[in-house]
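Undergrad: Residue numbers (this note's numbering), protein chains in the order written: chain C, 1 to 237; chain G, 1001 to 1237. All C-beta atoms in this analysis are idealised placements derived from N, C-alpha and C, irrespective of residue type, glycine included.
2 protein chains.
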Amino acid sequence: MNGKLETLIARLQEASSRADLQDAVFLLRDHYDVDHVVYHSVNQSEEPYAALTYGEDWVGRYIEKDYARIDPVVQGCYQRFHPVNWKQLDWSGKSARSFLGEAISAGVGNQGLSVPIRGPNGQFAMFTVSAKAGDDSWQRFTSDHLSDLLLVSHFMNQKALEFGGPDDRTLGRQLSPREVDALSLLANGQSRGQASETLGISEHTLRVYIEAARLKLGAQNTTHAVALALSHGLIIL
Amino acid sequence: MNGKLETLIARLQEASSRADLQDAVFLLRDHYDVDHVVYHSVNQSEEPYAALTYGEDWVGRYIEKDYARIDPVVQGCYQRFHPVNWKQLDWSGKSARSFLGEAISAGVGNQGLSVPIRGPNGQFAMFTVSAKAGDDSWQRFTSDHLSDLLLVSHFMNQKALEFGGPDDRTLGRQLSPREVDALSLLANGQSRGQASETLGISEHTLRVYIEAARLKLGAQNTTHAVALALSHGLIIL
DNA sequence: ATTTCCCTCCCCAGAAATAGCGGGGCCCGT
DNA sequence: ACGGGCCCCGCTATTTCTGGGGAGGGAAAT
Chain C
1 MNGKLETLIA
11 RLQEASSRAD
21 LQDAVFLLRD
31 HYDVDHVVYH
41 SVNQSEEPYA
51 ALTYGEDWVG
61 RYIEKDYARI
71 DPVVQGCYQR
81 FHPVNWKQLD
91 WSGKSARSFL
101 GEAISAGVGN
111 QGLSVPIRGP
121 NGQFAMFTVS
131 AKAGDDSWQR
141 FTSDHLSDLL
151 LVSHFMNQKA
161 LEFGGPDDRT
171 LGRQLSPREV
181 DALSLLANGQ
191 SRGQASETLG
201 ISEHTLRVYI
211 EAARLKLGAQ
221 NTTHAVALAL
231 SHGLIIL
Chain G
1001 MNGKLETLIA
1011 RLQEASSRAD
1021 LQDAVFLLRD
1031 HYDVDHVVYH
1041 SVNQSEEPYA
1051 ALTYGEDWVG
1061 RYIEKDYARI
1071 DPVVQGCYQR
1081 FHPVNWKQLD
1091 WSGKSARSFL
1101 GEAISAGVGN
1111 QGLSVPIRGP
1121 NGQFAMFTVS
1131 AKAGDDSWQR
1141 FTSDHLSDLL
1151 LVSHFMNQKA
1161 LEFGGPDDRT
1171 LGRQLSPREV
1181 DALSLLANGQ
1191 SRGQASETLG
1201 ISEHTLRVYI
1211 EAARLKLGAQ
1221 NTTHAVALAL
1231 SHGLIIL
């Protein structure tokens, strides 16, 4: 069993295109004998991507109705670190109930386990297995395979990121220490006046730093510069 | 070996306090026969926390000098999803070099592998093992134990979150869609005028959203609000 | 059914940011 | 020893943002 997991992961790591990821979800479905396996990014700004075993009709409907906004599984994963058993979630709420009914009649399965995955720059994705099963047997399944699924979801996302856009890691690094200080203080809510006082320099000098940083980052204004610096990891909260 | 991993993880899952996590890093160090094992959160917004095997002197110096801001390992992890081998990082740069020298003389070890860990609300933590070793043997060690370390870092963080403060799941979530739109556009560099045009609303209305978001987030000003929203994962890019 | 939140719009005065100009000194690498 | 990057300071002008008001309609939840 563990040997099999390593084989699966090795296959994942050898994947060279998104088609291989699509193959992988079917392999995983067969291997774990579940009804469905889904990997999908939940990024409203970036281009969405998914590798899944659901039928096209359900996928189409999910996208069309923008169900990601009301799906309690998505909501729950977004707020948690540890994988989420669907049964733990809050299914009260009108829209949630009707969504659940529709999902089950679409053959999604009444049980599911979803793994939240977070990457750089606010990337968020989910890896889900679902099946028709009783509470007990599903509980057993999930605790037996929790570690497996964690690893699979990691490597799945690693590959998905690889096939995604190019890294723009080049941008960073070029800020001077003072520029980093300046942006950090602004990101922490200080005004230019306060920040200059904190650093013990004139407000004008601070402005020069901000301006320099803004130009280096190609930002339109100070807020943009702070946002870019944050999302590139040049400054930390 | 695998049995041992499961034992370790089981112990982690039974942990009932931060002291148990502190014990765990020493257990892990002995088990993997490395020089140091470190788990630490990299979030100044939240209260910082760490469980590690470093000596107090080095830890004190790291905090005092705010090395997290220049540590290339932190920067690298922040920008990547997959675990980072220290040797892959960019150690050019004056401050990085002097930091490296100081770290090695503090007994940190010349080789290291760091796992980035991301949780809800922009939580960011790192799990690191380090040792004195040659490039080849370290390469072998990391590829042998990559999966182990991924799992350990996951459960470590799960417990750390558990022992952390109360969930501030309340903070996020409470931004309305329009408020998210407004902050997103500002974070992308648009001025209020442009953003209001993009959304097809008056600039005044946009201001109301920004103001509402600012109050909800407890931010001092717009830039602060954008920074908070970004680092809490409420908006992207 | 009432409350509560969200969305939309308007005015105004003061504070802050942007965009220019100018100056000097330090350290580093070529 | 030179350019280039970083660090520090001064001034002015224009544009933009901030932080208070107030007001109405609609959707959703209790």
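Is the Cβ of G:T1222 closer than 8 Å to any Cβ of chain C?
TA: To locate residue 1222 of chain G, count along the second sequence from 1; it is residue 222. Taking Cβ atoms only, chain C reaches closer than 8 Å to G:T1222, which makes this a yes.
Undergrad: What are the complete beta strand (DSSP E) segments, minimum 3 residues, inside the region 18-71 of chain C?
TA: 36-41 and 50-52
Undergrad: Quick check on G:L1186: buried or exposed, where buried means 16 or more other Cβ atoms within 10 Å of its Cβ?
TA: Here residue 1186 of chain G refers to the residue found at position 186 of the second sequence. G:L1186 should be labelled buried.
Undergrad: Going by the CB atoms, is the gap between G:G1055 and C:H224 shorter than 8 Å?
TA: Working through the first sequence from its first residue, we reach residue 224 of chain C at position 224. Working through the second sequence from its first residue, we reach residue 1055 of chain G at position 55. No.
Undergrad: Count the other C-beta atoms from every protein chain shown that fall within 10 angstroms of the C-beta of C:D136, then say buried if there are 16 or more, exposed otherwise.
TA: Position 136 of the first sequence, counted from the start, is the residue given in the question as residue 136 of chain C. Result: exposed.
Undergrad: Between which two residues does the beta strand (DSSP E) harbouring C:Q194 extend?
TA: Taking the first residue of the first sequence as position 1, residue 194 of chain C is located at position 194. Segment R192 to L199 is the alpha helix (DSSP H) holding C:Q194; no beta strand (DSSP E) there.
Undergrad: Please decide whether G:H1031 counts as near chain C, where near means a Cβ-Cβ distance under 8 Å.
TA: On the second sequence, position 31 is the one that residue 1031 of chain G refers to. Chain C contact via Cβ: absent.
Undergrad: I'd like to confirm something about C:R192: is its beta-carbon nearer than 7 Å to some heavy atom of the ligand NAP, or not?
TA: Among the components modelled here there is no ligand, and therefore nothing to report on the ligand NAP.
Undergrad: Could you say if the region 1190-1209 of chain G and the region 1047-1066 of chain G meet the contact criterion of at least three C-beta pairs nearer than 8 Å?
TA: no
Undergrad: The alpha helix (DSSP H) with G:L1215 in it runs from where to where?
TA: If you number the second sequence from 1, residue 1215 of chain G lands on position 215. Looking at the DSSP string, the run of the alpha helix (DSSP H) that includes G:L1215 is E1203 to L1217.
Undergrad: By a C-beta neighbour count over all protein chains shown, 10 Å radius and 16 as the cutoff for buried, is G:E1006 buried or exposed?
TA: Within the second sequence, numbered from 1, the residue matching residue 1006 of chain G stands at position 6. Counting Cβ neighbours within 10 Å, G:E1006 comes out exposed, since fewer than 16 surround it.
Undergrad: Where G:E1102 and G:Y1067 are concerned, what is the direct C-alpha to C-alpha distance, given to the nearest angstrom?
TA: Here residue 1102 of chain G corresponds to residue number 102 of the second sequence, with the count starting at 1. Here residue 1067 of chain G corresponds to residue number 67 of the second sequence, with the count starting at 1. Computed Cα separation, rounded: 11 Å.
Undergrad: Suppose you measure from the CA of G:V1226 to the CA of G:T1142; what does that come to, to the nearest Å?
TA: Here residue 1226 of chain G refers to the residue found at position 226 of the second sequence. Here residue 1142 of chain G refers to the residue found at position 142 of the second sequence. So the two alpha carbons sit approximately 38 Å from each other.
Undergrad: State the Cα-Cα distance for the pair G:N1110 and G:W1086, rounded to the nearest angstrom.
TA: For the purposes of this step, residue 1110 of chain G is identified with residue 110 of the second sequence, where counting begins at 1. For the purposes of this step, residue 1086 of chain G is identified with residue 86 of the second sequence, where counting begins at 1. Going from the Cα of G:N1110 to the Cα of G:W1086 covers about 8 Å.
Undergrad: Please classify G:I1235 as buried or exposed, where buried requires at least 16 neighbouring CB atoms within 10 angstroms.
TA: Looking up residue 1235 of chain G in the second sequence gives position 235. By the 10 Å Cβ count, G:I1235 comes out buried.
Undergrad: With distances taken between CB atoms, is the gap from C:V108 to C:S130 smaller than 8 Å?
TA: Within the first sequence, numbered from 1, the residue matching residue 108 of chain C stands at position 108. Within the first sequence, numbered from 1, the residue matching residue 130 of chain C stands at position 130. With respect to the 8 Å criterion, C:V108 and C:S130 are classified as neighbours on the basis of their beta carbons.
Undergrad: Using 8 Å as the limit for Cβ to Cβ distance, is C:G93 near chain G?
TA: To locate residue 93 of chain C, count along the first sequence from 1; it is residue 93. Closer than 8 Å to the CB of C:G93 there is not a single CB belonging to chain G.
Undergrad: Going along chain C in order, which residues have a C-beta closer than 8 Å to the C-beta of G:S1098?
TA: Stepping through the second sequence from its first residue, residue 1098 of chain G is reached at position 98. Those within 8 Å of G:S1098 in chain C number zero; the least Cβ separation is about 13 Å.
Undergrad: With C-beta atoms as the reference, is C:R11 less than 8 Å away from C:A19?
TA: Along the first sequence, read from residue 1 onward, the residue named residue 11 of chain C stands at position 11. Along the first sequence, read from residue 1 onward, the residue named residue 19 of chain C stands at position 19. Contact flag unset, no.
Undergrad: Using the Cα positions of C:L237 and G:Q1123, report the straight-line distance between them to the nearest angstrom.
TA: Position 237 of the first sequence, counted from the start, is the residue given in the question as residue 237 of chain C. Position 123 of the second sequence, counted from the start, is the residue given in the question as residue 1123 of chain G. Taking the straight line from one Cα to the other gives about 10 Å.
Undergrad: Quick one, are the C-beta atoms of C:S17 and C:F163 less than 8 Å apart?
TA: Working through the first sequence from its first residue, we reach residue 17 of chain C at position 17. Working through the first sequence from its first residue, we reach residue 163 of chain C at position 163. Closer than 8 Å, so yes.
Undergrad: Alpha carbon to alpha carbon, how far is C:Y62 from C:G119? Give it in angstroms, no decimals.
TA: Walking along the first sequence from the start, residue 119 of chain C turns up at place 119. Walking along the first sequence from the start, residue 62 of chain C turns up at place 62. Spanning the two alpha carbons is a distance of roughly 24 Å.
Undergrad: Within its chain, find whatever has a CB closer than 7 Å to the CB of G:A1212; leave out the 5 residues flanking it on each side and keep chain order.
TA: Walking along the second sequence from the start, residue 1212 of chain G turns up at place 212. Counting only Cβ-Cβ distances below 7 Å, and skipping sequence neighbours, we find E1179.
Undergrad: Take the Cβ of G:K1004 as the centre, count every other Cβ of all protein chains shown within 10 Å, and call the residue buried at 16 or more, exposed below.
TA: Taking the first residue of the second sequence as 1, we reach residue 1004 of chain G at position 4. By the neighbour-count rule (16 or more Cβ atoms within 10 Å), G:K1004 is not buried but exposed.
Undergrad: Do you know how far the Cα of G:H1040 is from the Cα of G:R1207?
TA: For the purposes of this step, residue 1207 of chain G is taken as the residue at position 207 of the second sequence. For the purposes of this step, residue 1040 of chain G is taken as the residue at position 40 of the second sequence. If I take the Cα positions, the gap works out to 38 Å.
Undergrad: So, under 8 Å CB-CB, G:I1070 and G:A1096 are touching, yes? Tell me the CB distance rounded to an integer number of Å.
TA: One-based indexing of the second sequence puts residue 1070 of chain G at position 70. One-based indexing of the second sequence puts residue 1096 of chain G at position 96. That belief holds up - the Cβ atoms of G:I1070 and G:A1096 are roughly 7 Å apart, short of 8 Å.
Undergrad: Helix, strand or coil, according to DSSP, for C:G119 in the structure here?
TA: Here residue 119 of chain C corresponds to residue number 119 of the first sequence, with the count starting at 1. In the three-state reduction of the DSSP assignment, C:G119 falls in the coil class, being assigned neither a helical nor a strand state.
Undergrad: What does G:G1189 touch in chain C if you count any residue whose Cβ is under 7 Å from its own?
TA: Residue 1189 of chain G sits at position 189 when you count from the first residue of the second sequence. In chain order: A219, Q220, N221 and H224.
Undergrad: Where G:V1034 and C:N121 are concerned, what is the direct C-alpha to C-alpha distance, given to the nearest angstrom?
TA: Along the second sequence, read from residue 1 onward, the residue named residue 1034 of chain G stands at position 34. Along the first sequence, read from residue 1 onward, the residue named residue 121 of chain C stands at position 121. When the Cα atoms are used, G:V1034 and C:N121 turn out to be separated by approximately 31 Å.
Undergrad: When you compare only the Cα positions, how much space is there between G:T1205 and G:K1132?
TA: What you label residue 1205 of chain G is simply residue 205 of the second sequence in a count that begins at 1. What you label residue 1132 of chain G is simply residue 132 of the second sequence in a count that begins at 1. For the pair G:T1205 and G:K1132, the Cα-to-Cα distance works out to about 59 Å.
Undergrad: Whose C-beta lies closer than 7 Å to the C-beta of C:Q13 among residues of the same chain, with five residues either side of it excluded?
TA: As a working note, residue 13 of chain C is residue 13 in the first sequence. Once the five neighbours on either side are set aside, the close Cβ partners of C:Q13 are F155.
Undergrad: Closer than 8 Å by beta-carbon distance: list the chain G residues that pair up with C:L151, in chain order.
TA: Taking the first residue of the first sequence as position 1, residue 151 of chain C is located at position 151. Taking a Cβ-Cβ cut-off of 8 Å, the neighbours of C:L151 in chain G comprise S1147, L1150 and L1151, given in sequence order.
Undergrad: So which residues of chain G does C:N241 contact, with C-beta pairs closer than 8 Å?
TA: This structure cannot settle anything about residue 241 of chain C, because the visible part of chain C is limited to 1 through 237.
Undergrad: What does C:F124 pair with, by DSSP beta-bridge criteria?
TA: Here residue 124 of chain C is taken as the residue at index 124 of the first sequence, counted from 1. In DSSP, C:F124 forms a bridge with C:R118.
Undergrad: Does any residue of chain G bring its CB to less than 8 Å from the CB of C:V34?
TA: The residue you call residue 34 of chain C lines up with position 34 of the first sequence. So, not an interface residue.
Undergrad: Does the Cβ-Cβ distance between G:L1052 and G:L1027 come in under 8 Å?
TA: Taking the first residue of the second sequence as position 1, residue 1052 of chain G is located at position 52. Taking the first residue of the second sequence as position 1, residue 1027 of chain G is located at position 27. At the C-beta level, G:L1052 and G:L1027 stay beyond 8 Å of one another.
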